[in-house]
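Asks: Position 46 of the sequence shown, counting from 1, maps to 46 under UniProt numbering, and the rest follow consecutively. Every residue gets a Cβ at the ideal spot worked out from N, C-alpha and C, and that includes glycine. All of these numbers come straight from a predicted model, not from anything done at the bench. Handing you a structure now.
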Amino acid sequence: MSTETETDFPGGWEAMAAEYVLGLLPQDERAAFEAQMRADPDLEQDVVAWAEYFSTFTDDIPEEAPPPQLWKRISAQAFGTRRRPGWRLLLPYLAGGVAAAAITWGVYTSGVLTPQQGTHLYADLVAQDQGYVLLAHWAPDSETFMLRRDGGAFPTDNSIEIWVIPAADAAPVSVGLMAQDDLTQIPVPPEMTALMQPGAMVAISLEPLGGSVTGAPSGPVLALAALDIRS
Numbered sequence: 001m002s003t004e005t006e007t008d009f010p011g012g013w014e015a016m017a018a019e020y021v022l023g024l025l026p027q028d029e030r031a032a033f034e035a036q037m038r039a040d041p042d043l044e045q046d047v048v049a050w051a052e053y054f055s056t057f058t059d060d061i062p063e064e065a066p067p068p069q070l071w072k073r074i075s076a077q078a079f080g081t082r083r084r085p086g087w088r089l090l091l092p093y094l095a096g097g098v099a100a101a102a103i104t105w106g107v108y109t110s111g112v113l114t115p116q117q118g119t120h121l122y123a124d125l126v127a128q129d130q131g132y133v134l135l136a137h138w139a140p141d142s143e144t145f146m147l148r149r150d151g152g153a154f155p156t157d158n159s160i161e162i163w164v165i166p167a168a169d170a171a172p173v174s175v176g177l178m179a180q181d182d183l184t185q186i187p188v189p190p191e192m193t194a195l196m197q198p199g200a201m202v203a204i205s206l207e208p209l210g211g212s213v214t215g216a217p218s219g220p221v222l223a224l225a226a227l228d229i230r231s
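Put into structure tokens, the structure is as follows:
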């Protein structure tokens, strides 16, 4: 691994590389680490090494789809007496999927800190109760977020809003509203393209016509999935 560069962070840059791969760094420390990595090619090798090491932790974990009734229970909890944001209640149930996606993200951050340089990302969103079968696609070459609707009817009295959650401790950011056509195409502004990383979560929520007025999902979260890289 790289020769340690003097830093104020405990454990030095090498220790930060491990936290970076796991997505544990606060925003300011993450920005400082990425700036150092651009100046220190050896630090990129630390990221690759840690990503490969952590990836072995999930080799023996089988994939498991959540039961359909889980979404009803989550929705009930999200809009019960506690009134906690529904999107936060969803995240613990997807910890395994988020961890696996984060490891994939760590591998691909080595040498390519911005997937918009050419890494297409996908996520399958399924809302069984509503019949929605959707494919989310981040196209970095055109900086366009697309949502293909393969199943489910467009609501008449509500809007469906699309959100990206870049990290488990981050707030959802609205991408836009699902179009009535089977294919939604939303140009993403430059300040949002950095959010489109492997491991970021994509969610859809049922909102009032025109979308949420709170800046966060205010209606039921219908589906949630992680962006990943596919061959």
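From which residue to which residue does the beta strand (DSSP E) around Gly-219 run?
Replies: Per DSSP, Gly-219 belongs to no beta strand (DSSP E) and is neither H nor E.
Asks: Identify every residue that forms a DSSP beta bridge with Gly-151.
Replies: According to DSSP, Gly-151 bridges with Val-133.
Asks: Restricting to Cα atoms, I'd like to know which of Leu-43, Leu-195, Asp-182 is closest to Trp-163.
Replies: Ranking Leu-43, Leu-195, Asp-182 by Cα distance to Trp-163 puts Leu-195 first.
Asks: Locate the alpha helix (DSSP H) running through Gly-211, then write down its first and last residues.
Replies: Per DSSP, Gly-211 belongs to no alpha helix (DSSP H) and is neither H nor E.
Asks: At the level of alpha carbons, what is the spacing between Phe-33 and Ser-218?
Replies: About 34 angstroms.
Asks: What does a CB cutoff of less than 8 angstroms around Arg-82 pick up in its chain, not counting 5 residues either side in sequence?
Replies: Any reading at Arg-82 is ruled out, since the residue's pLDDT is 45, under 50, leaving its predicted position unreliable.
Asks: Rounding to the nearest angstrom, what Cα-Cα distance links Arg-30 and Tyr-20 in this structure?
Replies: Computed Cα separation, rounded: 7 angstroms.
Asks: Just tell me which of Ser-174, Tyr-53, Leu-43 has its CA closest to the CA of Glu-191.
Replies: Comparing Cα-Cα distances from Glu-191 to each of Ser-174, Tyr-53, Leu-43, the minimum goes to Ser-174.
Asks: Taking 9 angstroms as the cut-off, decide whether the C-beta atoms of Ala-136 and His-120 are in contact.
Replies: No.
Asks: Contact check, Ala-123 vs Gly-152 under 8 angstroms by CB: the rounded distance?
Replies: About 16 angstroms; that fails the 8 angstroms criterion.
Asks: For Asp-228, which of Gly-215, Asp-181, Gly-211, Gly-199 has the nearest alpha-carbon?
Replies: Comparing Cα positions, the closest option is Gly-199.
Asks: Classify Asp-46 as buried or exposed, calling it buried when 16 or more other Cβ atoms lie within 10 Å of its own Cβ.
Replies: So Asp-46 counts as buried.
Asks: Identify which residue in Leu-209, Val-188, Ala-170, Leu-125 has its Cα closest to the Cα of Thr-144.
Replies: Closest option to Thr-144, Cα to Cα, is Val-188.
Asks: Determine the closest residue to Leu-22 out of Val-48, Gly-12, Arg-38, with distance taken between C-alpha atoms.
Replies: Ranking the options by Cα distance to Leu-22, first place goes to Val-48.
Asks: Where does the unbroken alpha helix (DSSP H) through Pro-41 begin, and where does it stop?
Replies: Per DSSP, Pro-41 belongs to the alpha helix (DSSP H) from 41-55.
Asks: Where do the ends of the alpha helix (DSSP H) carrying Thr-193 lie?
Replies: Here the alpha helix (DSSP H) through Thr-193 covers 190-193.
Asks: Anyone know if the C-beta pair for Ala-159 and Pro-208 falls short of 9 angstroms?
Replies: Correcting the residue identity first, residue 159 is Ser in this sequence and not Ala. Yes, the pair counts as a contact, with Cβ atoms nearer than the cut-off.
Asks: Of the choices Asp-141, Leu-125, Pro-26, whose alpha-carbon is the least far from that of Ala-168?
Replies: Among Asp-141, Leu-125, Pro-26, the Cα nearest to that of Ala-168 is on Pro-26.
Asks: With hydrogens ignored, establish whether the beta-carbon of Leu-147 is closer than 8 angstroms to any heavy atom of the ligand HEM.
Replies: Among the components modelled here there is no ligand, and therefore nothing to report on the ligand HEM.
Asks: With H, G and I counted as helix, E and B as strand and the rest as coil, what does DSSP make of Asp-28?
Replies: Three-state DSSP puts Asp-28 in a helix.
Asks: Please look up how many angstroms separate the CB atoms of Met-146 and Leu-183, rounded, as I've assumed it's under 8 angstroms.
Replies: Contact flag correct, Cβ pair sits at about 6 angstroms.
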